[in-house]
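Quick notes on the structure that follows.
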Amino acid sequence: MLDSLGTRIVGGIHRRAFGLPPRRNAYTVERGLLVPVRDGAQLVTDHYAPVGPANGTVLIRSPYGRGLPESLLHGRMLAERGYHVVIQSVRGTGGSTGPFRPIAQETADAQDAVAWLRTQSWFTGTLATLGGSYLGWTQWALLQDPPAELRAAVVIVGPHDFSRAIHGSGGLALADFLGWSAAIEAPGPVAMMAARRRVAAALRESTPAKAAAAALGTGDAPWFADWLDHDNLDDPYWQPYNAGSALRDGKVPVLLIGGWHDVFIDQTLEQYRSLSKVALTVGPWTHLDTAAKASKVADTEALAWFDQHLAGIGPAREAPVRIHVTGAGQWRSMPWWPPVTRDLVLALDASARLTDSATGGGIVEFSYDPVDPTPAVGGRHMSTGAGRKDNRRLEARDDVVVFTSDPLEHDLEVLGPPRLRLAVDGAPVFVRLCDVDRRGRSWNVTESFGSATEFELGSCAHRFRAGHRLRLQVSGGAYPRYARNTKEIRYTIDCAGSALTVPVAVTPSPE
113 MLDSLGTRIV GGIHRRAFGL PPRRNAYTVE RGLLVPVRDG AQLVTDHYAP VGPANGTVLI
173 RSPYGRGLPE SLLHGRMLAE RGYHVVIQSV RGTGGSTGPF RPIAQETADA QDAVAWLRTQ
233 SWFTGTLATL GGSYLGWTQW ALLQDPPAEL RAAVVIVGPH DFSRAIHGSG GLALADFLGW
293 SAAIEAPGPV AMMAARRRVA AALRESTPAK AAAAALGTGD APWFADWLDH DNLDDPYWQP
353 YNAGSALRDG KVPVLLIGGW HDVFIDQTLE QYRSLSKVAL TVGPWTHLDT AAKASKVADT
413 EALAWFDQHL AGIGPAREAP VRIHVTGAGQ WRSMPWWPPV TRDLVLALDA SARLTDSATG
473 GGIVEFSYDP VDPTPAVGGR HMSTGAGRKD NRRLEARDDV VVFTSDPLEH DLEVLGPPRL
533 RLAVDGAPVF VRLCDVDRRG RSWNVTESFG SATEFELGSC AHRFRAGHRL RLQVSGGAYP
593 RYARNTKEIR YTIDCAGSAL TVPVAVTPSP E
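Counting along the sequence shown from 1, when you hit position 323 you're at 435 in my numbering, and nothing is skipped either side.
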């Protein structure tokens with residue numbers, strides 16, 4: 113089917129809104145192709161084909177269907193700029209046959225999809241992959257054993273290790289993966305909304321994780337119960353969920369796109385540190401932002417990456433690293449991440465102060481009550497409500513303690529991961545760095561959750577303005593983002609043995 117006048121009009125609106133280069137060619141669409149895999153399942157696939165010479169093929173494998181937004185943002189956009197685009201529903205979704213075993217099923221199926229491409233008369237032998245979140249995981253699954261034809265990949269907020277994402281250092285990421293399981297299993301929008309309501313109601317009751325999971329319904333999302341039963345990450349069960357071997361190859365140029373408020377930002381930065389042929393873009397986004405809000409940046413950069421590595425048009429970018437400095441509202445290009453910084457050490461004081469003098473000390477105590485668990489407010493997760501939020505109501509609770517600096521005399525840029533030494537009895541703890549503005553609003557910047565005395569908070573790029581204050585927040589949980597601790601805990605912080613270290617810019621930052 114040749115693209116119609118209507119699709120060309122929509123494409124033109126998309127091009128102007130996103131700042132894309134002009135359309136290069138017409139394209140056709142063939143829908144509902146059946147791609148066989150080794151166990152007899154068939155994966156439903158749509159093929160967008162450029163009219164005329166092609167630059168290569170972009171493979172997109174998804175559990176979320178083959179329509180909007182993929183059909184517009186990537187299928188049509190890339191096809192009318194010279195690329196074959198193959199959008200495929202992974203097994204058990206979108207009409208594809210076979211049981212849906214999320215994450216663990218993708219390694220073999222990805223290789224079989226490439227084997228099918230090799231049999232197609234239009235396939236030129238030049239391949240790229242693209243996608244975000246689960247669609248990013250399907251790329252890491254393939255990159256464990258990259259096909260010879262693979263020339264480039266664009267991974268957007270895509271983890272390479274789902275075992276760590278599900279069972280992180282602080283505990284089960286309950287709300288994220290229970291909510292995702294409810295949404296992915298529901299057969300349509302109405303059922304999805306009903307499933308989300310059941311899950312939300314169960315989580316409001318502060319029930320244990322297994323009881324909350326029962327809200328999915330009998331037989332729904334059986335994998336979630338398996339995830340609960342396998343809480344030891346050394347268990348062989350988790351091997352198919354970990355594509356860390358893909359980071360050791362490094363032959364395929366990979367563009368990584370992440371968000372400072374994305375649940376997977378730490379894995380994105382780990383991927384950047386491990387790969388040799390790599391570029392990095394990090395914006396002021398949450399996980400869900402990358403489906404639409406971040407597309408203007410992500411799609412233009414993806415096209416440029418493919419043009420460079422498949423079509424020989426380029427170069428793709430002025431510098432390997434491009435990051436957004438929150439608090440400054442500013443994009444910045446860099447040769448690497450993190451840049452050179454100096455350490456600013458701030459002591460904790462029992463008077464609730466953060467100070468750069470050596471006068472900190474004293475004891476601070478607080479409690480955690482499982483009947484009224486400390487709630488989650490904003491932050492780095494993939495549910496709605498993530499991102500930058502005012503923390504004042506949270507910080508007014510008795511089960512949250514804060515340590516706050518004096519107002520800054522000059523702007524201060526924190527570039528990289530803050531570190532915290534916390535001498536605390538009682539575990540686990542949720543720690544967060546906030547920016548307190550001149551009006552007293554406390555905005556979360558970065559955080560960590562775990563059972564330790566030495567914490568590395570998530571990496572950030574943030575400018576604390578003159579007159580603002582730094583605030584360290586400490587509590588016993590962040591429910592339902594993390595499964596609640598079922599025991600009452602009394603915490604004691606020895607401030608004399610505790611300190612916050614922030615990596616700050618060594619040169620004046622440009623305006």
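All residues carry an ideal CB built from backbone N, CA and C; glycine is no exception.
Computed from a predicted model, the values in this text were never measured in an experiment.
C-alpha distance - residue i paired with residue j, whole-angstrom precision
i: A285; j: A337; result: 13 Å
i: V364; j: D257; result: 11 Å
i: V614; j: T412; result: 33 Å
i: H399; j: S571; result: 16 Å
i: L532; j: C607; result: 12 Å
i: R602; j: W397; result: 35 Å
i: L247; j: T565; result: 35 Å
i: T330; j: Y591; result: With a pLDDT of only 45 at T330, under 50, the local geometry of the prediction cannot be trusted, and the value read off the model is given with reservation. Using only the alpha carbons, I get a separation of about 24 Å.
i: F576; j: D518; result: 12 Å
i: A295; j: R309; result: 11 Å
i: V541; j: A459; result: 18 Å
i: V476; j: G490; result: 25 Å
i: R454; j: A611; result: 16 Å
i: A578; j: C546; result: 15 Å
i: G356; j: P348; result: 14 Å
i: V409; j: V394; result: 10 Å
i: L359; j: S463; result: 46 Å
i: V202; j: A414; result: 22 Å
i: P162; j: G131; result: 21 Å
i: V366; j: F418; result: 10 Å
i: A333; j: V536; result: 38 Å
i: A260; j: S587; result: 50 Å
i: V291; j: R276; result: Per the sequence shown, the amino acid found at residue 291 is Gly instead of Val. Spanning the two alpha carbons is a distance of roughly 17 Å.
i: N137; j: R230; result: 24 Å
i: F478; j: V514; result: 11 Å
i: A222; j: L184; result: 23 Å
Extent of the continuous alpha helix (DSSP H) run through residue i
i: Y353; result: Taken as a continuous stretch (DSSP letters only), Y353 belongs to no alpha helix (DSSP H), as it is neither H nor E.
i: L290; result: L286 to E297
i: R276; result: F274 to I278
i: A325; result: A321 to A325
i: Y246; result: Y246 to L255
i: A227; result: E218 to R230
i: W417; result: S407 to F418
i: W397; result: Premise fails: W397 lies in the beta strand (DSSP E), V390 to T398, not in any alpha helix (DSSP H).
i: S233; result: Unbroken run through S233: none, as it is neither H nor E.
i: F336; result: P334 to D341
i: I199; result: Not the alpha helix (DSSP H): I199 falls in the beta strand (DSSP E), residues Y195 to S201.
i: T380; result: I377 to S386
Per-residue burial, residue i [other beta carbons within 10 Å of its own, 16 or more giving buried]
i: Q420; result: buried
i: W448; result: exposed
i: N503; result: buried
i: I377; result: buried
i: R434; result: buried
i: Q232; result: exposed
i: V483; result: exposed
i: A508; result: exposed
i: P181; result: exposed
i: A406; result: buried
i: V452; result: exposed
i: A617; result: buried
i: D468; result: exposed
i: D461; result: buried
CB-CB length for residue i against residue j, believed under 8 Å
i: P214; j: W335; result: 6 Å
i: H493; j: Q383; result: Actually they do not touch by this definition, with Cβ atoms about 19 Å apart.
i: W555; j: R500; result: 5 Å
i: T402; j: V197; result: Their Cβ separation, rounded to whole angstroms, is 19 Å, which puts T402 and V197 out of contact at 8 Å.
i: E218; j: T169; result: With a Cβ gap of about 18 Å, E218 and T169 do not count as contacting.
i: W289; j: W234; result: Residue 289 is actually Phe in this sequence, not Trp. Rounded, the Cβ-Cβ distance is 39 Å, inconsistent with contact.
i: V147; j: A225; result: 6 Å
i: S445; j: A428; result: Contact flag wrong, Cβ pair sits at about 12 Å.
i: V390; j: A573; result: Actually they are not in contact, since the Cβ atoms of V390 and A573 sit about 18 Å apart, beyond 8 Å.
i: T236; j: Q200; result: The Cβ separation is near 18 Å, so there is no contact.
8 Å Cβ cutoff, residue i in contact with chain B
i: W443; result: Looking for chain B here will not work: only one protein chain is present.
Range of the contiguous beta strand (DSSP E) that encloses residue i
i: L359; result: Note, L359: premise wrong, no beta strand (DSSP E); not H, not E.
i: S554; result: S554 to G562
i: A573; result: C572 to F576
i: D547; result: V541 to V548
i: W372; result: V366 to H373
i: L612; result: A611 to A617
i: M494; result: Careful: M494 lies outside any beta strand (DSSP E) and carries neither H nor E.
i: R602; result: I601 to D606
Can you check the segment 497-523 for any beta strand (DSSP E) of at least 3 residues that lies completely inside it and give the ranges in chain order?
512-516
Alpha helix (DSSP H) segments (min. 4 residues) lying fully within the segment 126-207
Listed in chain order, nothing qualifies, since the segment 126-207 has no complete alpha helix (DSSP H) run of 4 or more residues.
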